[in-house]
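In what follows, a single structure is set out as structure tokens and then discussed.
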């Protein structure tokens, strides 16, 4: 199937490279970016992409192109979803759809009405470790799910300038974990309660955000969830999930680049964790793209639907409100 | 130093046996229990305890006895603390001092005014793994503490009849974890927010309690704490702590009886965790008693003071209120 | 740089695919195989290889081609090394060069005299875990090396028909480990002593080989090495190395596909190990090819030289003799 | 049952203390040591041992004493076994019985003829981890045993003065591992092949011994064993066993004092291993004594018989000969 990529920034390039290397089912015909230049063209050549354009319309209007990957800036996501839906193209869109719930709904509805596939880029669902935990839960080995815990810590905080436009830690960082707990729980969140502190960088506090946050969540089925986030873990990416249930507990250990250990007079030491997100989730990016190709080719539901894109935004809204008002907030309050 | 033990139930016997085997600094002169019988006398003989009595006064009035171990039922703790203080005897008292805050204060004050040592039986502070994490934090290797997590799950729920008189999961079970987070944090808790569910045994719900609970905590210094409890982990005791800070993360893995692993066509399997609390914390019970002996002999502060006995009760009161009212509760509200 | 691949069997295809996906420094111009057919041509197209030939001369005589990958059957390796050397092409050759020591020397000399690079395909040197252990040793963190241990067990024995022509377990399987101990030791082996048994498949014994083998090795510097091999580990590939020295011990744990663990009433279980060699050493194949490209492009020594191809063959010869004669055999006896 | 202890040195005291604390089935009536002094008497009092003597006859001639623990110097072991057998007392004797095979046989026969129990002090069989591996093997989960590996490394070499009288590394250190491989294998060793080097302390070489040794072993059933020893592991005691078989692989990880780990910018570090043997095998010493008491009380075979004391000496003799003569040596050559 022929696809087009809108947006040739960091994530657009990651997908382009991965498709050209690992996803023979897809052929990228065009990559479009308003700032496309010689470097973009060189990159495209390396990935065997024949066309580079500065106009997304070259993708949306191309009858040969079956599916569109929306990798542009967040504020344009819902617009391009709607346009692509109109053009009857299947859609892979980076997360989040939007921070404005009306726009999220509009985009989802557009895809639905057009009858096109819509997959949202929650790549961590495709991480080999998290997926193995998910599979254990799905297999029933954990029994009825009672407690879900997600730890998610980044190696370095983003610049304060970025924090100011990011929508805050719940929309920018914990949104991945909101998706993860829903994915693992098999039940919908009804209420969230947030605590947050500025412990990493005072500048983040001055920008009106927190850099350390803990959210507890109530699920419809009575299960309780816990997410903790920190913008800075000196030892690198720390991403772990745990699902505790009536028959057992499934969890993954943090992923590290090698299993080599050194025992000396000072103890036994494993190497450090990943410091770069693209290294940590290499395989996950490939797997999500293969899953999208599968859904389109076999005409099945995408593994991360538009609704899966909506709920984490609702949870982020509720968490933001909870932190501000110092009380638990029901999802129904922010819908 | 000569000591007396009030209460010859399960925990009284554990301390008696441990002292007779491992704590040569202490000599148990008398064990007193209103229900003392032939079996008690046989047990005492095994432990080289010369006197068995049905009257605690035989301990409190004995001028040779320097210290008293209060191992009687919870409702008598504060009474015996006050009596022992009057008798100028140093006091080791099982947790909790009482559920009634007035009685807790009265008991603590009595010990203070009498100038006797008071140590509360939060044995998990002396567990070799949790202690190693504590030492890492104290050494500064973790830096400034940002997030503290405690998982604490029991192998089996207690009978519903016990649940009814236990004071609830926060007073009966999570109280250990309330102590643990304070111990690890080096900062006082100012607010707690509780979620709870009945997921293990409906009878526990009918008794007005929950069997699965998650509490988040705010510390004075901005750190955030998380505790999760379940009354039933099919794989045995699961007790882990994690302290995440500006310079690193200290955590312990769950303690299991052996390091042996078996790799077969089905995967690589470690043995199950401990199923019996006394096995899980064997060394901790001994260490806490040695620490008490040290404090008395060297006239130093006990490692778990009366205030250390008070705060977890406050936290349990706040958590209970939070769960009931569906909102975060400040410690200052329940003092 | 433009390269040609001689041999389009399993390993030739792995290299072709890896180069096309991960090694942009290399461009495969031609793949040659006497049995090249439509399927070969289809495969070549997928890998963007323009030419498919049944005649290796189309590679050897092509002035545009700078380097040759010899992926043909073992008995043709030395012949093609000599031909490629004559044609002044750099050479990557799959292991082993040959079982006949004269041919090995002839091939190595041909490359030397022609002044072309020669790299032998001991891919495990490039495995991320073994490499991390190697780096620890090289960094001096282990101190002076005293003991080296290599465990290497395959999921399934090869068919007896293959065993008969394989040269035996020492040439066919342990040859990788002979290379590994040399790589890790930083010292040359002077003597080997072999024990072997038929414990997996009696048919292997009838074919004159063993399926379980343990070899101890003396190194020039006094260090002692141990290798154990089994043709069948029901739990999958088990490949571990350990280097014990005066300052510490570096080792790697077996590589498994995920870090997810499941704790149930039966214990805590990790997933099974890899069952397919290509999955186990995916990254290693890519890394060795990148290393070859680097050596050619930057005109540096290849990381696995012709001599590195020779010594494991000597060790296999000595081990074979040792097993047969029931005594330690010096390398000098088989040179 | 009443017992007497001959020898009040380090190991005699360990057993005395353990019995007094953990083995209520035994009552130590007398401890005898030619050098018994005030300190011995003080120690005995602490352990509730009523009699201290300088004459072992006070034990051997005491009709109340049912069993004797021989904890004297190695050269007196066989003598006291024979004397105790004559006196019809059950015998626990520290390893080794003797280095002189005639004396070993004489002692074993004396016990047999007298119809008394004889247990040899191979305490590692009772280590909780090694025992768990043994249990896995016995349960059949490993299937038919193919390869057995034992790593055994000490934190510090003994003084050269001790090495000179120790009988050499095979008799003094590896003898524990010879016992362990027999214990795990369920099959008898028929041949050993030894390599050794002086890599830790040149003084040990000057004393005619090696400090680093690797022995491979053939078992009757075709299984192959590997033992590696080093006199110095800077990271502390390193004691691991591995049993690989047709259905799986059982192994234990090295025992360390806590499960606490610290993750910092430098990696994730476990604490160091045990540095003191008595700490490493605390529980094992208790368990072996309980097992002896059980055998006497229930009149069952001891878990480590006289023959179990003999075979490791034969293996040590064969290993010594193998190292000296540079060839594999059959056990039948040294019997």
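Residue numbers (our numbering), protein chains in the order written: chain A, 1 to 335; chain B, 1001 to 1335; chain C, 2001 to 2335; chain D, 3001 to 3335. Glycine included, every Cβ here is placed at the ideal spot set by N, Cα and C.
Straight-line CA distance for residue 2004 of chain C to residue 2065 of chain C? 7 Å
Roughly how many angstroms lie between the CA atoms of residue 2090 of chain C and residue 3242 of chain D, to the nearest whole one? Distance between the alpha carbons of residue 2090 of chain C and residue 3242 of chain D: 44 Å.
Between the region 3025-3039 of chain D and the region 3054-3070 of chain D, do three or more beta carbon pairs fall short of 8 Å? yes
Proximity winner among A:315, A:321, A:289, A:294, relative to residue 16 of chain A (alpha-carbon distances): A:289
Let's test the definition: count the other Cβ atoms within 10 Å of the Cβ of residue 88 of chain A and tell me whether it reaches 16, buried, or not, exposed. exposed
Helix, strand or coil for residue 2217 of chain C per DSSP? Residue 2217 of chain C falls in the strand class under three-state DSSP.
Could you check whether residue 3177 of chain D and residue 3150 of chain D sit closer than 8 Å to each other, using their CB atoms as the reference points? In this structure, residue 3177 of chain D lies closer than 8 Å to residue 3150 of chain D by Cβ.
If we ignore side chains and look at the alpha-carbon of each, how far apart do residue 1989 of chain C and residue 2246 of chain C end up? With chain C running from 2001 to 2335 in the structure shown, residue 1989 of chain C is simply not present.
Closer than 7 Å at the beta carbon, the chain A residues around residue 2264 of chain C: 141, 247, 248
Looking at the structure shown, is residue 135 of chain A part of a helix, part of a strand, or coil, going by DSSP? helix
What residue range is occupied by the uninterrupted alpha helix (DSSP H) comprising residue 53 of chain A? From DSSP, residue 53 of chain A is part of no alpha helix (DSSP H) but of the beta strand (DSSP E) over 51-53.
Measure from the C-beta of residue 3234 of chain D to each C-beta in chain C and report whether the shortest distance is under 8 Å. yes
Quick one: which unbroken beta strand (DSSP E) runs of 3-plus residues sit fully inside the region 2088-2169 of chain C? Chain order, please. 2090-2093, 2118-2120, 2145-2153
Report the option in B:1229, B:1114, B:1162, B:1193 whose CA atom is closest to the CA atom of residue 1154 of chain B. B:1229
Using only CA atoms, which one of D:3180, D:3275, D:3305 lies nearest to residue 3116 of chain D? D:3305
Report buried or exposed for residue 161 of chain A, applying the criterion of at least 16 other Cβ atoms within 10 angstroms of its Cβ. exposed
Are residue 1021 of chain B and residue 3021 of chain D closer than 8 Å when you measure CB to CB? Against a cut-off of 8 Å, the Cβ pair of residue 3021 of chain D and residue 1021 of chain B comes out as a contact.
Would you kindly report the start and end of the unbroken alpha helix (DSSP H) that includes residue 1296 of chain B? Element bounds for residue 1296 of chain B: 1282-1297.
Excluding five sequence neighbours on each side, which residues of the same chain lie with their C-beta closer than 6 Å to the C-beta of residue 119 of chain A? 92, 292, 302, 304, listed in sequence order.
Going by the beta-carbon positions, is the gap between residue 2225 of chain C and residue 2175 of chain C smaller than 8 Å? no
Can you tell me where the beta strand (DSSP E) with residue 1027 of chain B in it begins and where it stops? 1027-1032
For residue 3262 of chain D, name the three-state secondary structure that DSSP assigns. strand
For residue 386 of chain A, which of B:1203, B:1223, B:1214 has the nearest alpha-carbon? The displayed coordinates of chain A run from 1 to 335. Any statement about residue 386 of chain A would go beyond what the structure contains.
I believe residue 3268 of chain D touches residue 235 of chain A by the beta-carbon criterion, under 8 Å. Please report the beta-carbon distance rounded to the nearest angstrom. 7 Å
For residue 1124 of chain B and residue 1140 of chain B, what's the separation of their Cα atoms in angstroms? 21 Å
Between residue 3244 of chain D and chain C, is there a C-beta pair that is closer than 8 Å? With 8 Å as the cut-off, residue 3244 of chain D counts as an interface residue toward chain C.
How long is the line joining the alpha carbons of residue 3143 of chain D and residue 3186 of chain D, rounded to whole angstroms? 12 Å
With a threshold of 8 Å between beta carbons, is residue 2253 of chain C in contact with chain A? Yes, because at least one Cβ of chain A sits closer than 8 Å to the Cβ of residue 2253 of chain C.
Using a Cβ-Cβ cutoff of less than 7 Å, which residues in the same chain neighbour residue 1136 of chain B once the five nearest sequence positions on both sides are dropped? Apart from the 5 residues on each side of it in sequence, residue 1136 of chain B sits with its Cβ closer than 7 Å to the Cβ of 1142, 1250 in its chain, given in chain order.
Take the Cβ of residue 3300 of chain D as the centre, count every other Cβ of all protein chains shown within 10 Å, and call the residue buried at 16 or more, exposed below. exposed
Through-space distance from residue 1263 of chain B to residue 3106 of chain D, alpha-carbon basis: 43 Å
How many whole angstroms separate the CB atoms of residue 3073 of chain D and residue 3080 of chain D, which I take to be in contact at a CB cut-off of 8 Å? About 10 Å separates the two Cβ atoms, so there is no contact after all.
Can you confirm whether residue 2270 of chain C, when its beta carbon is compared against all beta carbons of chain B, has any partner nearer than 8 Å? Yes, residue 2270 of chain C lies at the interface with chain B (some Cβ there is under 8 Å from its Cβ).
Continuous beta strand (DSSP E) stretch holding residue 2002 of chain C: start and end: 2002-2006 is the extent of the beta strand (DSSP E) around residue 2002 of chain C.
Going along the chain, which residues of its own chain have a beta-carbon closer than 8 Å to the beta-carbon of residue 214 of chain A, five neighbours each way excluded? 194, 195, 196, 226, 227, 228, 229
Distance CB(residue 43 of chain A)-CB(residue 13 of chain A) smaller than 8 Å: yes
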